Amino acid sequence: MSNKSLVSYQTLDSSQQVDNLVLAKSFEPSLKSFTPARPAVTRRPFTAPKTASAICHHPRGAARAHAVVRNWERPVTSNTPTTTRDGVIGQSGSEVVTVDQATGAEFARYPVAGKEEAATAVAAARSVSGPWWDLGFEARAERLRAWRREIAVGGEEGAALIHAENGKPLDDARVEVLGILEHVQYAVENAERVLGRREVPDSPTVPNQRAWVEYQPYGVVGVIGPWNFPLLTPGAILIEAIAAGNAAILKPSQITPGIGEWLVRAWQRAVPDFPDVLQCLNGFGATGQALIESGLNKLAFTGSVNTGKTVAAQCAQTLTPVLLELGGKDGVIVAEDADLDEAAKHIVWGAIQNTGHGCISLEVAYVVESVHDAFVEKISDLAKQVRVGSDDAAEIGPVPLPTQIPIIREHIQDALDRGATATVGGLDAVGERYVTPTILVGVSPDALAVTEETFGPTLAVVKVTDTEEAIAHVNGGRYGLGSAVFSRDRGEDIARRLRVGMTSINDALVFSINPAVPFGGRGDSGYGRKQGEEGLREFAYPHSFTAKTGPAQFSATTFGRPAGAMAGALAGVRNRILAESGEKTD
Numbered sequence: 002m003s004n005k006s007l008v009s010y011q012t013l014d015s016s017q018q019v020d021n022l023v024l025a026k027s028f029e030p031s032l033k034s035f036t037p038a039r040p041a042v043t044r045r046p047f048t049a050p051k052t053a054s055a056i057c058h059h060p061r062g063a064a065r066a067h068a069v070v071r072n073w074e075r076p077v078t079s080n081t082p083t084t085t086r087d088g089v090i091g092q093s094g095s096e097v098v099t100v101d102q103a104t105g106a107e108f109a110r111y112p113v114a115g116k117e118e119a120a121t122a123v124a125a126a127r128s129v130s131g132p133w134w135d136l137g138f139e140a141r142a143e144r145l146r147a148w149r150r151e152i153a154v155g156g157e158e159g160a161a162l163i164h165a166e167n168g169k170p171l172d173d174a175r176v177e178v179l180g181i182l183e184h185v186q187y188a189v190e191n192a193e194r195v196l197g198r199r200e201v202p203d204s205p206t207v208p209n210q211r212a213w214v215e216y217q218p219y220g221v222v223g224v225i226g227p228w229n230f231p232l233l234t235p236g237a238i239l240i241e242a243i244a245a246g247n248a249a250i251l252k253p254s255q256i257t258p259g260i261g262e263w264l265v266r267a268w269q270r271a272v273p274d275f276p277d278v279l280q281c282l283n284g285f286g287a288t289g290q291a292l293i294e295s296g297l298n299k300l301a302f303t304g305s306v307n308t309g310k311t312v313a314a315q316c317a318q319t320l321t322p323v324l325l326e327l328g329g330k331d332g333v334i335v336a337e338d339a340d341l342d343e344a345a346k347h348i349v350w351g352a353i354q355n356t357g358h359g360c361i362s363l364e365v366a367y368v369v370e371s372v373h374d375a376f377v378e379k380i381s382d383l384a385k386q387v388r389v390g391s392d393d394a395a396e397i398g399p400v401p402l403p404t405q406i407p408i409i410r411e412h413i414q415d416a417l418d419r420g421a422t423a424t425v426g427g428l429d430a431v432g433e434r435y436v437t438p439t440i441l442v443g444v445s446p447d448a449l450a451v452t453e454e455t456f457g458p459t460l461a462v463v464k465v466t467d468t469e470e471a472i473a474h475v476n477g478g479r480y481g482l483g484s485a486v487f488s489r490d491r492g493e494d495i496a497r498r499l500r501v502g503m504t505s506i507n508d509a510l511v512f513s514i515n516p517a518v519p520f521g522g523r524g525d526s527g528y529g530r531k532q533g534e535e536g537l538r539e540f541a542y543p544h545s546f547t548a549k550t551g552p553a554q555f556s557a558t559t560f561g562r563p564a565g566a567m568a569g570a571l572a573g574v575r576n577r578i579l580a581e582s583g584e585k586t587d
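Counting the sequence shown from 1 gives a position; the numbering used here is that position plus 1.
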């Protein structure tokens with residue numbers, strides 16, 4: 002591989018990693034062929050473990066998160082690849098060191114996996130993928146329910162890990178745990194309906210043949226996750242892959258590896274009879290590269306556009322199918338008939354929540370000029386009230402990726418240089434680790450804050466003459482992920498004209514909350530879908546079947562049919578089509 006490619010892979014997790022956003026406003030690489038073995042399976046009754054981790058009841062916050070990590074069994078130091086009994090694989094002698102985002106102090110160390118560990122993990126996953134599929138939907142669902150219970154019981158410790166290594170408010174971290182629980186429930190309730198045997202209509206040409214479709218797993222799925230939603234984004238994908246009958250290997254971001262280990266260890270405790278169905282490889286970009294090259298049957302990558310293109314090119318060498326969830330520059334349209342109070346509160350939240358670290362964050366507002374000034378006043382007042390910090394009162398936290406700070410600063414500076422005004426924040430809002438909310442008004446449509454992903458707590462406001470101009474702006478960008486529209490009477494009409502994957506009408510980001518709604522985009526935002534029926538089918542391929550049910554009047558599939566037989570068949574079909582349209586037939 003060229004040095005250029007290697008450099009690209011080494012930024013798998015350190016560029017503008019992106020993520021789906023599920024913030025519940027309310028809660029109730031050679032491609033190896035995969036042929037699952039089908040030996041006789043002895044089905045033993047499955048009994049879910051009755052106890053969760055022994056460390057579920059530590060105090061809140063960093064103390065709890067530290068206790069979680071200290072409790073984990075680590076590989077014995079050696080110069081050979083090692084595997085813990087909990088399924089987390091690492092190579093001693095090289096470590097990922099994470100930071101407690103609240104203090105900047107060292108938080109934890111994790112062993113780094115290399116090529117040997119990746120190959121070992123894939124081999125172990127492949128060995129269990131056939132038996133895992135053989136269990137059938139209900140037996141897999143039973144184990145997924147046990148995993149869901151384990152996640153629920155240990156949810157506070159998972160949230161504490163996210164809060165510590167990512168820095169987002171603890172309550173927002175809990176939202177990721179809640180989202181995962183919903184995703185497991187959706188998969189349990191719908192996998193068989195979506196992926197099970199489906200009868201299809203017979204063909205008039207071969208009426209003695211019945212036909213059906215079954216969805217079969219790819220085999221071993223690799224998942225490279227981001228840091229901004231380190232549990233929810235990769236977790237939703239892992240759930241779909243496993244529910245579809247695959248084994249999966251997670252490579253978390255090196256910024257937030259703790260929650261990846263936590264999720265895998267929860268699986269190990271809940272499903273001890275299939276520990277290798279879910280494994281974890283920690284490390285940097287080189288670990289992700291090793292996983293890609295290790296013989297996966299499918300890859301799901303969440304990250305920057307440039308790295309996604311490199312990953313896609315690598316997978317193309319072996320025709321390994323890949324799901325790409327890349328960047329976004331989501332626009333929101335505020336029409337002249339919008340409820341401005343509702344629009345303002347949802348848009349400020351959609352732009353600034355999670356410190357703006359979301360591929361579907363609302364980064365640009367296209368506002369019709371007749372309501373522009375009133376809208377700007379409302380969002381400015383709201384943005385000034387957002388609390389920044391790491392304590393319980395904070396509504397957004399620090400920027401966990403240091404290289405993102407100069408990008409945010411550059412986008413603000415560029416907008417100001419082109420004539421924009423900061424009604425809230427501005428260059429002074431950008432600190433060493435924290436960025437306070439910034440509202441930019443009068444932004445040029447060709448400014449970086451409008452055309453490129455900022456990935457920070459900023460909102461660029463562009464005044465437009467009407468919604469037609471706003472639609473043209475949204476459709477004119479290179480991204481095509483999410484969007485929002487605010488209009489009392491024309492929301493659906495406007496939304497249908499947007500060339501994006503998802504749109505919320507009179508709200509923000511709601512399409513990411515419901516696990517039944519497919520999530521994905523177009524253009525530079527990637528391809529493929531997670532969530533919903535499409536998400537389950539993303540990790541299974543359709544296998545079509547036909548079976549002969551009896552003799553045919555004449556065979557369409559042998560040389561024994563009478564000469565000219567198909568001429569009569571064609572004439573009959575032609576006459577039927579003409580009759581349907583009222584035309585005279587022969």
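By construction, the Cβ of each residue, glycine as well, lies at the ideal position given by its N, Cα and C atoms. Since this is a predicted model, take the numbers as computed values, not measurements.
Bounding residues of the alpha helix (DSSP H) (the contiguous stretch that carries Thr-121): Within the sequence shown, the letter at position 120 stands for residue 121. 116-135 is the extent of the alpha helix (DSSP H) around Thr-121.
Contact set for Gly-443: own chain, Cβ-Cβ below 8 Å, skip 5 residues either direction: As a first step, residue 443 must be located in the sequence shown, where it is residue number 442. Answer for Gly-443: Gly-420, Ala-421, Thr-422, Val-462 and Lys-464, listed in chain order.
Of the residues Asp-382, Ser-371, Val-387 and Glu-337, the one placed nearest Gly-357, counting alpha carbons only: Counting from one through the sequence shown, the residue named residue 357 turns up at place 356. For Gly-357, the nearest C-alpha among the options comes from Val-387.
Expected contact under 8 Å - CB spacing of Ser-130 and Ala-248 to nearest Å: Locating residue 130 in the sequence shown gives position 129, where the first residue counts as 1. Locating residue 248 in the sequence shown gives position 247, where the first residue counts as 1. Confirmed, Cβ separation roughly 4 Å.
Whole-angstrom distance between Val-154 and Asn-209, CA atom to CA atom: By one-based count along the sequence shown, residue 209 stands at place 208. By one-based count along the sequence shown, residue 154 stands at place 153. Their backbone Cα atoms lie some 54 Å apart in a straight line.
Beta-carbon gap between Thr-424 and Ile-440 smaller than 9 Å: Walking along the sequence shown from the start, residue 424 turns up at place 423. Walking along the sequence shown from the start, residue 440 turns up at place 439. Contact: yes.
Spatial distance of Ala-339 from Leu-363 (CA atoms): Sequence index remark: in the sequence shown, residue 339 carries index 338 (1-based). Sequence index remark: in the sequence shown, residue 363 carries index 362 (1-based). Between Ala-339 and Leu-363, the C-alpha separation is close to 17 Å.
Straight-line gap, Leu-327 to Gly-304 (C-alpha atoms, nearest Å): Residue numbering aside, residue 327 sits at position 326 when the sequence shown is read from its first letter. Residue numbering aside, residue 304 sits at position 303 when the sequence shown is read from its first letter. Leu-327 and Gly-304: Cα-Cα distance of roughly 5 Å.
Start and end residues, beta strand (DSSP E) containing Asp-331: Walking along the sequence shown from the start, residue 331 turns up at place 330. Where Asp-331 is concerned, the enclosing beta strand (DSSP E) stretches over 331-335.
Expected contact under 8 Å - CB spacing of Val-501 and Gly-483 to nearest Å: Within the sequence shown, numbered from 1, the residue matching residue 501 stands at position 500. Within the sequence shown, numbered from 1, the residue matching residue 483 stands at position 482. So it is a contact: roughly 6 Å between Cβ atoms.
Environment of Phe-540 [buried if 16+ CB atoms lie within 10 Å]: Translated into the one-based positions of the sequence shown, residue 540 becomes position 539. So Phe-540 ends up on the buried side.
Residues near Asp-490 in its chain [Cβ-Cβ closer than 7 Å; skip 5 each side]: Within the sequence shown, residue 490 is the residue found at index 489, counting from 1. Around Asp-490: Asp-338.
Per-residue DSSP class, three states only, for Pro-112: As a first step, residue 112 is located in the sequence shown; it is residue number 111 there, counting from the start. In the structure shown, Pro-112 sits in a strand (DSSP, three-state: E or B).
9 Å Cβ cutoff met for Val-265 and Leu-251: Counted from its first residue, the sequence shown places residue 265 at position 264. Counted from its first residue, the sequence shown places residue 251 at position 250. Yes; because the gap between Cβ atoms is below 9 Å, this pair is in contact.
Assigned exposure category for Gln-1 - 16 Cβ within 10 Å defines buried: The question about residue 1 has no answer here: the residues shown for the chain are numbered 2 through 587.
Backbone CA spacing between Asp-1 and Leu-537 [nearest angstrom]: The chain is shown only over 2 to 587; residue 1 falls outside these bounds and no answer can be derived.
Reference Val-278, options Met-503, Ile-293 and Val-224, closest by Cα: What you label residue 278 is simply residue 277 of the sequence shown in a count that begins at 1. Of Met-503, Ile-293 and Val-224, the residue nearest in Cα terms is Val-224.
Alpha carbon of Gly-492 to alpha carbon of Ala-485, nearest angstrom: By one-based count along the sequence shown, residue 492 stands at place 491. By one-based count along the sequence shown, residue 485 stands at place 484. Computed Cα separation, rounded: 9 Å.
DSSP state of Thr-36 mapped onto helix, strand, coil: Taking the sequence shown and counting its residues from 1, one reaches residue 36 at position 35. Per-residue confidence for Thr-36 stands at a pLDDT of 33, beneath the threshold of 50, marking its modelled position as unreliable; the derived number appears in the next sentence. It is coil, neither helix nor strand.
Stretch pair the region 111-118 + the region 287-302: three plus CB contacts closer than 8 Å: yes
Closest by C-alpha distance to Pro-626, when choosing among Leu-145, Lys-549 and Leu-233: With the chain covering 2 to 587 only, the question about residue 626 has no answer from this structure.
With 16 other Cβ atoms within 10 Å as the buried cut-off, status of Trp-213: For the purposes of this step, residue 213 is taken as the residue at position 212 of the sequence shown. Exposed, since its Cβ has fewer than 16 Cβ neighbours within 10 Å.
8 Å contact criterion, which Pro-258 and Val-97 should meet: CB distance rounded: Position 257 of the sequence shown, counting from 1, holds the residue named residue 258. Position 96 of the sequence shown, counting from 1, holds the residue named residue 97. Indeed, because the Cβ distance is near 6 Å, the residues count as touching under 8 Å.
Distance between Pro-563 and Asn-191 (C-alpha atoms, nearest Å): On the sequence shown, position 190 is the one that residue 191 refers to. On the sequence shown, position 562 is the one that residue 563 refers to. Cα to Cα, the separation comes out at about 48 Å.
Selected residue, minimal CA-CA separation from Ser-295, among Cys-360, Thr-121 and Pro-218: Stepping through the sequence shown from its first residue, residue 295 is reached at position 294. Ranking the options by Cα distance to Ser-295, first place goes to Thr-121.
Contacts around Ser-556, its chain only, beta-carbon distance under 8 Å, and the 5 residues preceding and following it disregarded: Counting from one through the sequence shown, the residue named residue 556 turns up at place 555. Taken in chain order, the residues that qualify are Arg-562.
Rounded straight-line distance, which links the Cα of Leu-499 to that of Ser-488: Looking up residue 488 in the sequence shown gives position 487. Looking up residue 499 in the sequence shown gives position 498. In a straight line, the C-alpha of Ser-488 is about 14 Å away from that of Leu-499.
Cβ neighbours of Pro-40 in the same chain (closer than 6 Å, five flanking residues each side left out): Residue mapping note: residue 40 aligns to position 39 of the sequence shown, counting from 1. For Pro-40, the pLDDT reaches just 34, beneath the cut-off of 50, and the residue's location in the model is therefore unreliable, leaving the point undetermined.
Test item: CB-CB of Ser-526 and Cys-360 under 9 Å: Locating residue 526 in the sequence shown gives position 525, where the first residue counts as 1. Locating residue 360 in the sequence shown gives position 359, where the first residue counts as 1. Yes, they are a contact pair.
Coarse secondary structure for Phe-487, derived from DSSP in three states: Indexing the sequence shown from 1 puts residue 487 at position 486. DSSP places Phe-487 in strand when its eight states are reduced to three.
Of the residues Gly-478, Asp-494, Gly-432 and Arg-194, the one placed nearest Ala-448, counting alpha carbons only: Taking the first residue of the sequence shown as 1, we reach residue 448 at position 447. Among Gly-478, Asp-494, Gly-432 and Arg-194, the Cα nearest to that of Ala-448 is on Gly-478.
Reduced DSSP secondary structure (H/G/I, E/B, other) of Tyr-528: In the sequence shown, residue 528 corresponds to position 527, counting from 1. Strand, per DSSP.
Delimiting residues of the alpha helix (DSSP H) encompassing Gly-156: For the purposes of this step, residue 156 is taken as the residue at position 155 of the sequence shown. Its alpha helix (DSSP H) spans residues 156-167.
Spatial distance of Ile-334 from Glu-470 (CA atoms): Working through the sequence shown from its first residue, we reach residue 334 at position 333. Working through the sequence shown from its first residue, we reach residue 470 at position 469. So the two alpha carbons sit approximately 10 Å from each other.
Top-ranked residue by Cα proximity to Glu-433, from Arg-71, Val-69, Ala-68 and Ala-103: Taking the sequence shown and counting its residues from 1, one reaches residue 433 at position 432. Taking only the C-alpha atoms, the option nearest Glu-433 is Ala-103.
Reduced DSSP category for Phe-540 - H, G, I as helix; E, B as strand; rest coil: On the sequence shown, position 539 is the one that residue 540 refers to. It is coil, neither helix nor strand.
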